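A.B. asks: Heads up: take any position in the sequence shown, counting from 1, add 49, and you land on our numbering.
A virtual CB, placed ideally from N, CA and C, is assigned to each residue, including glycine.
All values derive from a computational prediction rather than experimental measurement.
Shown below is the structure under consideration.
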Amino acid sequence: MDTFIKNFADFVGQTVTIKGWAHNVRSSGSIAFLQIRDGSGFTQAVVAKNGVDEASWNAAVEATIESSVIVTGTVSKHPKQEGVFELQATAVQLVQKAEEFPIGKKEHGPDFLLDNRHLWLRSPQQWAIQKVRDQVIHATYDWMRDHGFSKIDSPIFTPNACEGTTELFEIDYFGERKAYLSQSGQLYLEAAIGSVGRCFDFGPVFRAEKSKTRRHLIEFWMMDAEAAFVEHEDNLKIQESLVCYIVEQVLKNCQPELKILERNQEALRKVQAPFIRMTHAEAIKELREMGSDIGDMDDLGADDETKLTMKYEKPIFVEKYPAAVKAFYMKRDPADPTRVLNADLLAPEGYGEVIGGSQREDNYDELLKRVREHNLPEEAFKWYLDLRKYGSVPHSGFGYGLERIVTWICGIHHVRETIPFPRLLNRLEP
Ligand code: 4AD
Ligand code: MG
Numbered sequence: 050m051d052t053f054i055k056n057f058a059d060f061v062g063q064t065v066t067i068k069g070w071a072h073n074v075r076s077s078g079s080i081a082f083l084q085i086r087d088g089s090g091f092t093q094a095v096v097a098k099n100g101v102d103e104a105s106w107n108a109a110v111e112a113t114i115e116s117s118v119i120v121t122g123t124v125s126k127h128p129k130q131e132g133v134f135e136l137q138a139t140a141v142q143l144v145q146k147a148e149e150f151p152i153g154k155k156e157h158g159p160d161f162l163l164d165n166r167h168l169w170l171r172s173p174q175q176w177a178i179q180k181v182r183d184q185v186i187h188a189t190y191d192w193m194r195d196h197g198f199s200k201i202d203s204p205i206f207t208p209n210a211c212e213g214t215t216e217l218f219e220i221d222y223f224g225e226r227k228a229y230l231s232q233s234g235q236l237y238l239e240a241a242i243g244s245v246g247r248c249f250d251f252g253p254v255f256r257a258e259k260s261k262t263r264r265h266l267i268e269f270w271m272m273d274a275e276a277a278f279v280e281h282e283d284n285l286k287i288q289e290s291l292v293c294y295i296v297e298q299v300l301k302n303c304q305p306e307l308k309i310l311e312r313n314q315e316a317l318r319k320v321q322a323p324f325i326r327m328t329h330a331e332a333i334k335e336l337r338e339m340g341s342d343i344g345d346m347d348d349l350g351a352d353d354e355t356k357l358t359m360k361y362e363k364p365i366f367v368e369k370y371p372a373a374v375k376a377f378y379m380k381r382d383p384a385d386p387t388r389v390l391n392a393d394l395l396a397p398e399g400y401g402e403v404i405g406g407s408q409r410e411d412n413y414d415e416l417l418k419r420v421r422e423h424n425l426p427e428e429a430f431k432w433y434l435d436l437r438k439y440g441s442v443p444h445s446g447f448g449y450g451l452e453r454i455v456t457w458i459c460g461i462h463h464v465r466e467t468i469p470f471p472r473l474l475n476r477l478e479p
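Dropping the structure here:
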C-alpha cells in the first residue's frame, strides 16, 4: 500500500511503499541504511542483502545522497526511540541516481545556501520551516472563516500608495501611465467591507525598501484583515485571538518540525491572552529607563523593539503612536489628536513587530485633509474617499507579515529562511 512516512504509526507490521529521496546513505558488507524523506517526514529504511533480490540490493548500495527512490517494506517500531518508526525493506527501486549533491554536511555560508536555495529547501530545517509556514497559513484561514471573515483578493497592480510613497515599486503600464506594486491590500478591503462586512486577503506585497536587516524582505506575504463596526479595542481582541490560535495550532500539529528546529516550546506556550498592552508614551518611558535616547514622538526602531520584547514573555501591543510617524488613514485618538488609534503587535524574545493595525478615519473631510497633508495624489484616492460618502461606518483592521510570524514561531534569526524564494535587496535568484 502507498502511504506517507508521517502515517507510519498506523501501519506497524504492515507492508507499505514510500516514494521519496535518500537523504543520507550508508552501507556495510551485507546491510544498507537509507535515510528517506518523502515530504511528509523522515524515516530509515533498513536493507539487508539477504532480505531483498539482487536488483534491490544493487539499487540500495548505488543510491547516492538525494537520489530518488521507491522503497517497499514492513513498518517497525524503532528498537530504542519511542514514536520513531523504520522500514524493513523488501524492495528498493532507484528512480534517478543523483549527481554529487552540492550541499554537504560541512558548514556553508548564507550566500552559498541562498544561491542553492532550490536545493537547500530540502534540508530538514528548511523543510520544518516551510511546514510551519503552511500550518500558520491554514490556521489563519480557519480562524478567519470561523469568525465571519470572507476572503477577498486585492489587486497587486495599483494606481496609488497604501503605506507611503517612499517604498513603492513603480511599473511602466503599457507606456501610458505608471502603476505600482501593492504594499498592502488594506484600502481595497476597506471597500469590500461595504459588501461582505468582514474580510481578509492573503498574498504577496512589495516594499522597495533599501533595508538589509534580518526583518526585511522586498517581496513578502501579508494577511490584511478589515471589519466594519469594529473599533480600536475590538480590533486588538481579534488580533490577540487569532495569534493565540495560530500558535496553539503549530504547537498541536507541528511537533516534529519544532523538534527539528530545537524551538523552545515553553516560550510559545506563554502566548496566551491577554497580551501585554502599553501606550507608545509608556513604551518610550520604559525604553528611556533601559538607557535608550529615543525622543517622545519618535517611532520605535528595530533596536527599541528588541529591547522591549526581551523584557516580556508575551506579545506586546504598543498603541497610540504619534500621528506624524504613521500612515494617513489612521483615525486620530479623540482624547489626544496628536496620536492615532493604532497598535503594533510586537512578538516576544526580541522579534519585534509582526502586526500593524489601526482604526481607520471614517469621516470624509478629515480623510481628505490627511490625503492633502501627506501630499498624496487626490485623484488616485478619489475612490477611497468615496467610501466615506456612502454609508461610512467606524471600522478597523490590521495586517500581519507572514514571514515575521513564522520567523518568531520557528525561533530562527532571519526572515529570509521563511519564504521559499526570498527577494532581498541584493538577491533575485534563484
Ligand atoms: O505595518 P505595515 O506596513 O502595515 C500595513 O501595511 C497595513 N496596511 C496593514 C493593515 O492595516 N491592513 O505592514 C504590516 C506587517 C508588519 O507588521 C510586518 O509584520 C510586515 O507586514 N512587514 C514586513 N515583513 C517583511 N519585510 C518587510 N519589508 C515588511 N514590512 C512590513
Ligand atoms: Mg508597521
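Following the continuous beta strand (DSSP E) through GLN142, name the residue where it begins and the one where it ends.
C.D. replies: 134-145
A.B. asks: Can you grab the Cα-Cα spacing for the pair TYR439 / ASP87, in whole Å?
C.D. replies: Cα to Cα, the separation comes out at about 54 Å.
A.B. asks: Inspect the beta-carbon positions of TRP270 and LEU451 and report whether they are closer than 8 Å.
C.D. replies: Cβ atoms of TRP270 and LEU451: closer than 8 Å.
A.B. asks: Roughly how many angstroms lie between the CA atoms of GLU466 and GLU103, to the nearest whole one?
C.D. replies: Straight-line Cα distance between these residues: approximately 42 Å.
A.B. asks: Against chain C, does GLN304 count as a neighbour if the rule is that its beta carbon must be under 8 Å from one of theirs?
C.D. replies: Chain labels in this structure do not include chain C; a single protein chain is all it has.
A.B. asks: Taking PHE251 as the reference, give the member of GLN304, ASP202, LEU310 and ALA112 with the closest Cα.
C.D. replies: ASP202
A.B. asks: Apply the 10 Å Cβ neighbour rule to TRP106 and answer buried if 16 or more other Cβ atoms are within range, or exposed otherwise.
C.D. replies: buried
A.B. asks: Who are LYS227's beta bridge partners in DSSP?
C.D. replies: ASP221
A.B. asks: Okay, do the stretch 80-100 and the stretch 132-144 touch, 3+ Cβ pairs below 8 Å being the bar?
C.D. replies: yes
A.B. asks: By the DSSP assignment, the alpha helix (DSSP H) with HIS281 in it spans what residues?
C.D. replies: Membership of HIS281 in the alpha helix (DSSP H) is indicated by the continuous run 281-302.
A.B. asks: Going by beta carbon distance, what residues of the same chain come within less than 7 Å of GLU280, once the five residues before and after it are set aside?
C.D. replies: Cβ-Cβ distances below 7 Å link GLU280 to GLN408, PRO443 and SER445 in the same chain, with the five nearest sequence neighbours on each side left out; the list follows chain order.
A.B. asks: Identify, in the order they occur along the chain, each residue of the same chain with its Cβ nearer than 6 Å to the Cβ of HIS72, setting aside the five sequence neighbours on each side.
C.D. replies: GLN84 and ARG86
A.B. asks: Assuming contact is defined by CB atoms lying nearer than 8 Å, are GLY197 and GLN288 in contact in what I supplied?
C.D. replies: no
A.B. asks: Using only the alpha-carbon positions, how far apart do GLY132 and HIS329 sit?
C.D. replies: 48 Å
A.B. asks: Is GLU212 near the ligand 4AD, with its Cβ less than 7 Å from a heavy atom?
C.D. replies: yes
A.B. asks: What does DSSP give as the partner residue(s) for TYR325 in the beta ladder?
C.D. replies: The question names Tyr, but residue 325 in the sequence shown is Ile. Answer by DSSP bridge pairing, in chain order: ILE365.
A.B. asks: Provide the residue(s) that pair with MET379 in DSSP beta bridges, ordered along the chain.
C.D. replies: ARG409
A.B. asks: Out of ASN284, ASP273 and GLU415, state which residue places its alpha-carbon closest to the alpha-carbon of PRO204.
C.D. replies: ASP273
A.B. asks: Quick check on DSSP: helix, strand or coil for HIS157?
C.D. replies: coil
A.B. asks: DSSP three-state label for PHE430, please.
C.D. replies: helix
A.B. asks: Taking contact to mean 3 or more Cβ pairs, one atom from each stretch, closer than 8 Å, check whether the stretch 390-404 and the stretch 354-362 are in contact.
C.D. replies: Look at the beta carbons and you see the stretch 390-404 touching the stretch 354-362: at least three pairs across the two are nearer than 8 Å.
A.B. asks: Roughly how many angstroms lie between the CA atoms of VAL124 and VAL292, to the nearest whole one?
C.D. replies: VAL124 and VAL292: Cα-Cα distance of roughly 38 Å.
A.B. asks: Taking any heavy atom of the ligand MG as the mark, which residues have a C-beta closer than 6 Å to it, listed down the chain?
C.D. replies: ASP393, GLU402 and GLY405
A.B. asks: What distance in whole Å lies between the Cβ atoms of VAL403 and ILE178, which are believed to be in contact at a cut-off of 8 Å?
C.D. replies: With a Cβ gap of about 16 Å, ILE178 and VAL403 do not count as contacting.
A.B. asks: With a threshold of 7 Å (Cβ to nearest heavy atom), would GLN232 be considered close to the ligand 4AD?
C.D. replies: yes
A.B. asks: I want to know whether the stretch 178-193 touches the stretch 224-231 - three or more CB-CB distances under 8 Å.
C.D. replies: no
A.B. asks: Check whether the Cβ of GLN408 sits closer than 7 Å to any heavy atom of the ligand 4AD, and report yes or no.
C.D. replies: no
A.B. asks: Measure from the alpha carbon of SER77 to the alpha carbon of each residue in VAL61, GLU216 and GLU111, then state which is nearest.
C.D. replies: GLU111
A.B. asks: According to DSSP, simplified to helix, strand and coil, what is ALA384?
C.D. replies: Note: ALA384 maps to coil in three-state DSSP.
A.B. asks: So what does DSSP say about SER79, is it helix, strand or coil?
C.D. replies: SER79: coil per DSSP, three-state reduction.
A.B. asks: Hey, could you find the ends of the alpha helix (DSSP H) LYS180 is sitting in?
C.D. replies: 173-195
A.B. asks: For the stretch 338-350 and the stretch 413-427, state whether three or more C-beta atom pairs, one from each stretch, are separated by less than 8 Å.
C.D. replies: no
A.B. asks: Taking 7 Å as the cut-off, is the beta-carbon of GLY448 closer than that to any non-hydrogen atom of the ligand 4AD?
C.D. replies: yes
A.B. asks: Are three or more beta carbon pairs between the stretch 294-306 and the stretch 376-388 nearer than 8 Å?
C.D. replies: no
A.B. asks: Excluding the 5 residues preceding and the 5 following ARG256 in the sequence, name in chain order all residues of the same chain whose CB lies nearer than 7 Å to its CB.
C.D. replies: GLU216, GLN232 and ILE267
A.B. asks: How many angstroms separate the CA atom of SER116 from the CA atom of ALA81?
C.D. replies: Their Cα atoms are separated by approximately 15 Å.
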